[in-house]
Amino acid sequence: MAYTVQKMPAYQDVDGFRLTAMFSPDIFRAALQYQPRADDLFIVTYPKCGTTWMQNIVLLILNKGIPLTDFLQFQKATPFLEMTGPDSAKHMKRPGAIKTHLPFRLQPYSPEAKYIYVVRNPKDCCVSFYYHTKNSPGYHFQDGTFDDFFEIFIRGETDYGDYFDHLLSWYEHRNDPNVLFITFEEMKMDMRTAVLKIAKFLGIEYAENLENDDDLLKRVLVYSSFDYMRKSHEQSVNEFFHKGLDSITNDPNVPEGLKHVIKSLKNSEQSSGNIPNIIRKGIIGDWKNHFTEEQSQRMDDIFFEKTKGTEVRKLWEG
Ligand code: A3P
């Protein structure tokens, strides 16, 4: 019998695209029109596949291993295009990297710009997305169950749409010279090799600097480690929100798109000021603590069906 979803998170549809409910549709539309500069670097992911981790690694490589711990400074050096719009990319503190969660067909694209696409196995992605949705007040899904979310995820009905379509749209470009296609799992299993690979993609001089300077490499690895990021993320978010939602929305330094999200937090019943730490567990295989055998089989079947005729499965082999 078909499963009936009891509770749907709050989403919005913008011109047929399922978007996070807290975002401004106008800013989203404007973001899609952003014209990339030749020296732009984008970090693209389906949500929960390791975006923040990659943003940290890239900023550390570009900024000589010095971490950016201030919340607003971090946003300005690696703006979230769909949330804060094209101006945040135009005025980005450079060197920086623009974050998007867009499928290839919507991604502002230039053959001269560079794109890093991070993918994570769908089961862990689903679990991480569940907690993100449940714990972020703007989704109004605080009492939502994993079973409901699993169903919404495999139907491709979450914000940003279908995981598999997203992945396949970028997988086609994995060998383009201006694309670095990398998995969360390879980063997790061997961070040093992953960091050097990322640095090489950014520019051979960055890789050489890391290879010739143990201290620099060590700083990049320590400041992008799970433990460091978890603590510093929590601290920077708390410091930022400590000012209170009213004073943030009156601050001219805060991008309009971020204010839009914060206003929707203000309007939500659960805006106790508790912003969840998205640096949650950071492991491979947390799905085993959440999926039933049947859910695991259904996800495998959908994976098999959707990726038929491609080599996507090889991403997680060996
Ligand atoms: P979990 O919810 O499974 O813990 P995104 O930044 O795309 O929203 O992805 C968030 C996921 O990346 C979370 O997964 C988070 O814990 C994980 N993550 C963030 N930084 C990490 C790090 N340094 N090492 C391992 N995982 C990390």
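Sequential numbering of the sequence shown, starting at 343, is according to our numbering.
Cβ coordinates follow ideal geometry from the N, Cα and C atoms, glycine included.
Residues near residue i in its chain [Cβ-Cβ closer than 8 angstroms; skip 5 each side]
i, result
"P421", "S430, A431, M434, G438, I440, K441, P597"
"A455", "P378, R379, A380, D381, D382, L383, F384, N520"
"V537", "I399, I403, L552, L559, V562, L563, S566"
Three-state secondary structure assigned by DSSP to residue i
i, result
"V537", "helix"
"F471", "helix"
"R360", "strand"
"K648", "helix"
"F384", "strand"
"D485", "coil"
"K390", "coil"
"K630", "helix"
"D507", "helix"
Counted within 10 angstroms of its Cβ, other Cβ atoms place residue i as buried (16 or more) or exposed
i, result
"P453", "exposed"
"F646", "exposed"
"D286", "The structure shown does not extend to residue 286, since the chain is modelled only from 343 through 660, so no value can be given for it."
"K573", "exposed"
"D593", "exposed"
"S470", "buried"
"R655", "exposed"
"S589", "exposed"
"K623", "exposed"
"M641", "buried"
"I546", "exposed"
"M571", "buried"
Residues near residue i in its chain [Cβ-Cβ closer than 7 angstroms; skip 5 each side]
i, result
"K605", "T591"
Own chain partners of residue i with C-beta closer than 6 angstroms, once the 5 adjacent residues on each side are dropped
i, result
"V608", "The sequence given here places Lys at residue 608; Val does not occur at that position. L587, listed in sequence order."
"I496", "I644"
"Q354", "L361, A363"
Supposed close pair residue i, residue j - CB separation, criterion 8 angstroms
i, j, result
"D423", "V461", "According to the sequence provided, residue 423 is Leu. The question's Asp does not apply to it. The pair is not a contact, with the Cβ atoms about 19 angstroms apart (cut-off 8 angstroms)."
"I399", "V562", "7 angstroms"
"T394", "I620", "6 angstroms"
"Y376", "P450", "4 angstroms"
"L448", "L374", "6 angstroms"
"P445", "D532", "Between D532 and P445 the Cβ distance is about 28 angstroms, and since that is not below 8 angstroms, they are no contact."
"W658", "N517", "With a Cβ gap of about 18 angstroms, W658 and N517 do not count as contacting."
**Message:** To test your reading of the DSSP string, which unbroken alpha helix (DSSP H) runs of 4 or more residues are found completely within the segment 401-441?
**Reply:** Qualifying alpha helix (DSSP H) stretches, in chain order: 413-419, 423-432.
**Prompt:** Of all the alpha helix (DSSP H) runs that stay within the bounds of the segment 509-568, which reach a length of 4 or more residues?
**Reply:** Within the segment 509-568, the complete alpha helix (DSSP H) runs of at least 4 residues fall at 526-531, 533-544, 546-554, 556-565.
**Message:** In chain order, what are the residue ranges of uninterrupted alpha helix (DSSP H) at least 4 long that sit wholly in the segment 574-625?
**Reply:** Qualifying alpha helix (DSSP H) stretches, in chain order: 587-591, 598-609.
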